[in-house]
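Numbering (our numbering), first residue to last: 161 to 254.
We treat Cβ as the ideally placed atom computed from N, Cα and C, and that holds for glycine.
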């Protein structure tokens, strides 16, 4: 089965929450398999680009940002998240 088929299988079999994040366990593991948080941003960026290439309008719903306010991964995670949003809007124009 292709990558998309594997993802659908993960969603069906692993629906739930991991560390308070509502994401299927298999997909969460795939995103963080190299222990680099930037992979999550690349993954989201690729999903958005894929949706746009199919003529869809991607909508990113942002909720509960206060939960990562003090979380540090080499630096404050909140700064990385906001830099990602800036990249989406000002650089990638997505």
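Sequence-distant residues of the same chain with beta carbon closer than 6 Å to residue i, five excluded per side
i           : result
residue 201 : 244
Nearest residue (CA-CA) to residue i, options the options
i           : options               : result
residue 251 : 205, 185 and 188      : 205
residue 216 : 222, 239, 223 and 207 : 207
residue 222 : 209, 236, 242 and 193 : 242
residue 220 : 213, 193 and 248      : 248
Coil, strand or helix - residue i by DSSP
i           : result
residue 251 : helix
residue 161 : Confidence is the limiting factor: at residue 161 the pLDDT is only 47, short of 50, which leaves the residue's position unreliable, though a coordinate-based value still follows. Coil, per DSSP.
Cβ shell of residue i (< 8 Å), same chain only, five flanking positions each side left out
i           : result
residue 172 : Below a pLDDT of 50, predicted positions are generally treated as unreliable, and residue 172, at 46, falls in that range; the measurement from the model is reported next regardless. Cβ within range, chain order: n/a, list empty.
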